[in-house]
Each structure stands twice: as structure tokens, then as C-alpha cells.
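Q:
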Amino acid sequence: MPEKKIRVLIAKPGLDGHDRGAKIIARALRDAGMEVIYTGLRQTPEMIASAAVQEDVDVIGLSILSGAHNTICPQLMALLREKGMNDVTVLVGGIIPEADIAPLKKSGIAEIFLPGTSTQDIIEFIHKRITR
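Per the working numbering, residue 451 is the first one in the sequence shown, and the count goes up by one each step.
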């Protein structure tokens, strides 16, 4: 039986319209052999959680540049728990102030990747987290 691909949902929550970074990550993960679902811009936590359930993903990658991470991330984590998706690895990339990192991780975010992180580091993190 062929190895099941790691399924990753890439989402751009909030009102920030810059998705170049999200698209670069999506392409890098796809090139690394992962199955990537890109939801596009202006996603609500509800839309992201619903898509994650429908697509049965292993990883959710959020790209947040708008500063709304302290609202969006805890909301999303609560929705995922409500839907029984406790085993999903949630990653955040974007401009996240140092002071916000610990509370976000406490809310259930697995890792936070700041601008300048190499795509290889993200791929390796996902492979370590999701072993088939």
C-alpha cells in the first residue's frame, strides 16, 4: 500500500490580503510530497475548522500578518476541539510579536514560524510531527 500523503490546509484568516507567503509555503510543501489544500484569503476560524474536518487534514498552516492572531488562533483551537480534531497540528506563520508566542503555544499552536524561516525548516518540522 502506498504511503498516505501528509494533508496540509493552508489558510489566510482575517482581513489581510497578502497571500504570497502562503502560496510559497503551499508550493514548497507540495514539492516536498504533501497534499496541500489552499483555502484562499479572508477565512474565518469557522471556515478553516470546517475545511479541516471536510478535508481530514493532518496539519493546518495559518498565515497571519494582520495582528489578529491573538483572537483568531484561540478561536480556531476551540472550534477544532469542539469538532474532535485534537490530533491536528496547527502552525502559524507571519509577524507575531515575541510576547505573543508563549500564549499562542499554550492555546495549542504547535509552532510559530516568523518571517525569514526557511521552507525546509517548516517541512522538517511537519515531517517530525507527522510520522506515518
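All residues carry an ideal CB built from backbone N, CA and C; glycine is no exception. Only a predicted model underlies this, so the values are computations on that prediction, with no experimental measurement involved.
1. So, is serine 568 buried or exposed, given that buried needs 16 or more other C-beta atoms within 10 angstroms?
2. Are isoleucine 562 and isoleucine 546 touching if we call contact CB-CB under 7 Å?
3. What would DSSP say about threonine 494, mapped onto helix, strand or coil?
4. Within a Cβ cutoff of 6 Å, which residues of the same chain sit near threonine 539, ignoring the five residues on either side of it in sequence?
5. Which residue or residues does DSSP assign as beta-bridge partners of proline 463?
6. According to the Cβ coordinates, are valine 486 and alanine 472 closer than 7 Å?
7. Can you tell me which of the three DSSP states valine 458 falls into?
A: Here's the rundown:
1. In the sequence shown, residue 568 corresponds to position 118, counting from 1. The residue in question, serine 568, is exposed, as its Cβ has fewer than 16 Cβ neighbours within 10 Å.
2. On the sequence shown, residue 562 is found 112 positions in, with the first residue counted as 1. On the sequence shown, residue 546 is found 96 positions in, with the first residue counted as 1. Result yes, Cβ atoms of isoleucine 562 and isoleucine 546 sit closer than 7 Å.
3. As a working note, residue 494 is residue 44 in the sequence shown. Correct three-state label for threonine 494: coil.
4. Against the sequence shown, residue 539 aligns to sequence position 89. These residues qualify, in order along the chain: Val509, Ala560, Arg579.
5. Against the sequence shown, residue 463 aligns to sequence position 13. Bridge partners of proline 463: Gln493.
6. As a working mapping, residue 486 is identified with position 36 in the sequence shown. As a working mapping, residue 472 is identified with position 22 in the sequence shown. For valine 486 and alanine 472, no; Cβs fall outside 7 Å.
7. For the purposes of this step, residue 458 is taken as residue 8 along the sequence shown, with counting starting at 1. Three-state result, valine 458: strand.
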